[in-house]
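Peer 1:
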Amino acid sequence: MNPTWTSETLPEQPKITASGYVRAVFRGVPLLLITTFCLLLMLVLRLVERPIYGLRRPFTPFITQFVCRSAFFLLGVKFSTRGERMRHKGAVVANHSSWLDIFALNARKRIYFVAKSEVALWPGIGWLARATGTVFIARRPSDAKKQREIFQSRLLAGHKLLFFPEGTSTDGLRVLPFKSTLFAAFFAPEVVEETWVQPVTLNYTAPAGECACFYGWWGDMSFGAHFLKVLAAKRQGSVQVIYHPAVPARDFVSRKGLATYCQQTVQNGLTPPLD
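Using full-length UniProt numbering, the letters of the sequence shown correspond one by one to residues 1 to 275.
1. Helix, strand or coil for Arg69? Go by DSSP, reduced to three states.
2. DSSP has Gly90 in a bridge; who is on the other side?
3. Residues in its own chain within less than 8 Å of Gly54 by CB, not counting five upstream and five downstream?
4. In terms of residues, what are the limits of the alpha helix (DSSP H) holding Ser19?
5. From Ala248 to Gly216, what distance separates their C-alpha atoms?
6. Under DSSP, the beta strand (DSSP E) around Leu270 begins and ends at which residues?
7. Identify every residue that forms a DSSP beta bridge with Ala115.
8. Pull up the DSSP beta-bridge partners for Pro248, would you.
9. Using 7 Å as the threshold, is the C-beta distance between Leu48 and Val200 below it?
10. What residues in its chain sit with their C-beta under 7 Å from that of Ile34, if we drop five residues either side in the sequence?
11. Is the beta carbon of Cys211 closer than 7 Å to that of Gly172?
12. With respect to the beta strand (DSSP E) encompassing Val239, which residues constitute its N-terminal and C-terminal limits?
13. Which one of Leu202, Leu41 and Cys262 has the shortest CA to CA distance from Pro61?
14. Taking Lys145 as the reference, which of Leu258, Leu228, Ala184 and Arg235 has the closest Cα?
15. With 16 as the cutoff for other CB atoms within 10 Å, does Gln264 come out buried or exposed?
16. Can you give the Cα-Cα distance for Arg87 and Leu39, rounded to whole angstroms?
17. Could you give the DSSP three-state label for Ser7: helix, strand or coil?
18. So, for Ser80: in the same chain, excluding its five sequence neighbours on each side, which residues have a beta-carbon less than 6 Å away from its beta-carbon?
19. Where does Met1 sit, in a helix, a strand or coil, going by DSSP?
20. Does DSSP classify Ser169 as helix, strand or coil?
21. Taking the alpha-carbon positions, what's the Phe136 to Ala115 distance?
22. To which residues of the same chain is Phe164 closer than 7 Å at the C-beta, ignoring the five residues directly before and after it?
23. In the DSSP assignment, the beta strand (DSSP E) including Phe79 goes from what residue to what residue?
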């Protein structure tokens with residue numbers, strides 16, 4: 001693997017023309033309006049869901065899916081899926097390339113993201129993450145037990161938790177080694193017998209004539225600049241979500257074995273695969 005793909009070798013950002021800014025407005029304003037309206041609707045519905053259903057969310061996830069599907073339509077990015085979605089209780093693990101992953105993974109499957117605690121403090125994004133049921137985790141060892149308990153309660157409630165085991169986003173052309181720490185929650189005696197894990201591969205295809213890493217967002221890239229670049233693109237590419245067969249956690253002797261299996265499966269689905 002080339003170790004210089006990170007922020008030291010960020011690709012040159014395309015210059016945005018006047019027509020590009022016009023495209024950004026025509027795509028961005030409707031996306032902002034739909035997201036804001038649906039977020040407010042979701043918050044209102046949660047006032048009903050929370051006291052009646054507790055951790056279960058029978059209605060609001062459909063709003064999230066609508067927003068995510070609308071986003072790809074408004075952006076002009078082709079979206080497709082392959083494979084069967086997991087029906088069992090458990091978790092989903094995927095490679096992480098961009099903020100677009102959030103839309104791609106939510107568009108067809110009802111999931112709940114697991115994110116670092118700092119995300120909860122991000123302007124706008126943190127509010128959206130909290131509203132959609134994101135599980136926030138701290139990196140302090142002292143919180144490990146508490147986090148396992150949170151994971152277990154959410155898994156037992158039937159929530160499908162989404163992890164990015166690479167621990168960071170990439171250029172979308174490779175899969176980094178999966179960190180096995182979070183996989184430990186799947187082996188707790190209370191959940192291991194009924195927990196399944198589904199590896200998922202996200203494949204991005206850049207617009208014609210652009211760098212293959214066009215949709216990748218990593219290192220020191222500014223979110224605002226990258227978001228504007230995607231909004232302003234004259235031509236758009238595509239994203240494909242590949243659902244690999246789910247596997248039961250009980251079939252693996254350790255979290256490291258499960259993490260290695262999932263990493264290899266996600267890697268095998270990447271097009272084109274890189275070593």
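No residue lacks a Cβ here, since even glycine has one placed at the ideal position from N, Cα and C.
Peer 2: In terms of the structure at hand:
1. Within the sequence shown, residue 69 is the residue found at index 69, counting from 1. Residue state, collapsed to three classes: helix.
2. Position 90 of the sequence shown, counting from 1, holds the residue named residue 90. Note: Gly90 sits in a beta bridge opposite Trp196.
3. The residue given as residue 54 occupies position 54 in the sequence shown. Within the same chain, Cβ atoms closer than 8 Å to the Cβ of Gly54 are found at Ala157, the five residues on either side in sequence being excluded.
4. As a first step, residue 19 must be located in the sequence shown, where it is residue number 19. Unbroken alpha helix (DSSP H) run through Ser19: Ala18 to Tyr53.
5. Residue 248 sits at position 248 when you count from the first residue of the sequence shown. Residue 216 sits at position 216 when you count from the first residue of the sequence shown. Residue identity differs from the one stated: residue 248 is Pro in this sequence, not Ala. Approximately 31 Å, taken between the alpha carbons.
6. Taking the sequence shown and counting its residues from 1, the one referred to as residue 270 is at position 270. Element bounds for Leu270: n/a, residue is neither H nor E.
7. By 1-based counting over the sequence shown, the position of residue 115 is 115. Beta-bridge annotation (DSSP): Ala115 is paired with Phe136.
8. Residue mapping note: residue 248 aligns to position 248 of the sequence shown, counting from 1. Note: Pro248 is bridge-paired with Trp196 in the DSSP secondary-structure output.
9. To locate residue 48, count along the sequence shown from 1; it is residue 48. To locate residue 200, count along the sequence shown from 1; it is residue 200. Sequence inspection shows Val at residue 48; the Leu mentioned does not correspond to that position. It is not a contact, given that the beta carbons lie outside the stated cut-off.
10. Indexing the sequence shown from 1 puts residue 34 at position 34. Only Val67 and Ser70 meet the Cβ criterion.
11. As a working mapping, residue 172 is identified with position 172 in the sequence shown. As a working mapping, residue 211 is identified with position 211 in the sequence shown. Not in contact: Gly172 and Cys211 (Cβ atoms no closer than 7 Å).
12. The residue you call residue 239 lines up with position 239 of the sequence shown. Secondary structure note for Val239: its beta strand (DSSP E) is the uninterrupted segment Ser238 to Tyr243.
13. Sequence index remark: in the sequence shown, residue 61 carries index 61 (1-based). Checked all of Leu202, Leu41 and Cys262; the closest Cα to Pro61 is Leu41.
14. Taking the sequence shown and counting its residues from 1, the one referred to as residue 145 is at position 145. Per the Cα distances, Ala184.
15. Walking along the sequence shown from the start, residue 264 turns up at place 264. By the 10 Å Cβ count, Gln264 comes out exposed.
16. Within the sequence shown, residue 87 is the residue found at index 87, counting from 1. Within the sequence shown, residue 39 is the residue found at index 39, counting from 1. Spanning the two alpha carbons is a distance of roughly 27 Å.
17. Walking along the sequence shown from the start, residue 7 turns up at place 7. For Ser7, the predicted model reports a pLDDT of 47, less than 50, meaning its position is unreliable; a value from the coordinates is still stated below. Helix at Ser7.
18. In the sequence shown, the residue the question calls residue 80 occupies position 80. Excluding residues within five positions, the ones whose Cβ falls inside 6 Å are Gln240.
19. As a position in the sequence shown, residue 1 is number 1, starting the count at 1. With a pLDDT of 34 at Met1, under the threshold of 50, the predicted position of this residue should be treated as unreliable, though the coordinate-derived value follows. When DSSP states are grouped into helix, strand and coil, Met1 belongs to the coil group.
20. In the sequence shown, residue 169 corresponds to position 169, counting from 1. In the three-state reduction of the DSSP assignment, Ser169 falls in the coil class.
21. Translated into positions along the sequence shown, residue 136 becomes position 136. Translated into positions along the sequence shown, residue 115 becomes position 115. Linking Phe136 to Ala115 through their CA atoms gives a straight-line distance of about 5 Å.
22. As a position in the sequence shown, residue 164 is number 164, starting the count at 1. For Phe164, the CB contacts under 7 Å within the same chain, skipping 5 residues up- and downstream, are Ala94 and His96 in chain order.
23. Looking up residue 79 in the sequence shown gives position 79. Its beta strand (DSSP E) spans residues Lys78 to Arg82.
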